[in-house]
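See structure below.
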Amino acid sequence: MITSIIPAICYESTQPIHAEKAFRLGGDVYLATVMEHHEGLEASRRYYSDLARKYHVPVLMCNGIGPSGSFVSAGGSGVWDETGTLKGALPEGEEGLLIYDLESKDVTFG
40 MITSIIPAIC YESTQPIHAE KAFRLGGDVY LATVMEHHEG LEASRRYYSD LARKYHVPVL
100 MCNGIGPSGS FVSAGGSGVW DETGTLKGAL PEGEEGLLIY DLESKDVTFG
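At the far end of the sequence shown sits residue 149, using the working numbering, and the numbering has no gaps.
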């Protein structure tokens, strides 16, 4: 299986034109690295679920954790399958590793 990963860095991952162009080029997985605070985490999770469902591809959101200057990221990274179903997420405030198997669609935590 050859997989084409679409990287998206924070702000660009929230811009619909970025995803549209990327998927038009044939991306298989959307990987967004973000810095989201506690108050915005649920909205981000809904957004990435909708993106997965719209383009029928897995979406992985890697959220920072802890302070960066005066901003505090909440953690809570997650992965959604191509139907927009949350397959797994780390708890807010905890570091960890999510491993998503593209074939079995299983998530393991490390």
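Note that beta-carbon positions come from the ideal geometry of N, C-alpha and C, so glycine has one too.
Distances from the alpha-carbon of Val73 to those of Leu64, Ser83, Gly66 put Ser83 closest.
The Cβ atoms of Asn102 and Ser112 sit closer than 8 Å to each other. At a Cβ-Cβ threshold of 8 Å, Arg92 and Gly115 do not count as neighbours. The alpha-carbon separation between His95 and Glu75 amounts to approximately 24 Å. Burial is judged here by how many other beta carbons sit within 10 angstroms of a residue's own beta carbon; Gly66 has at least 16 and is buried. Taking a C-beta distance under 8 Å as the contact criterion, Leu70 and Leu99 qualify as a contact pair.
Only buried fits Ser52, as 16 or more other CB atoms lie within 10 angstroms of its CB.
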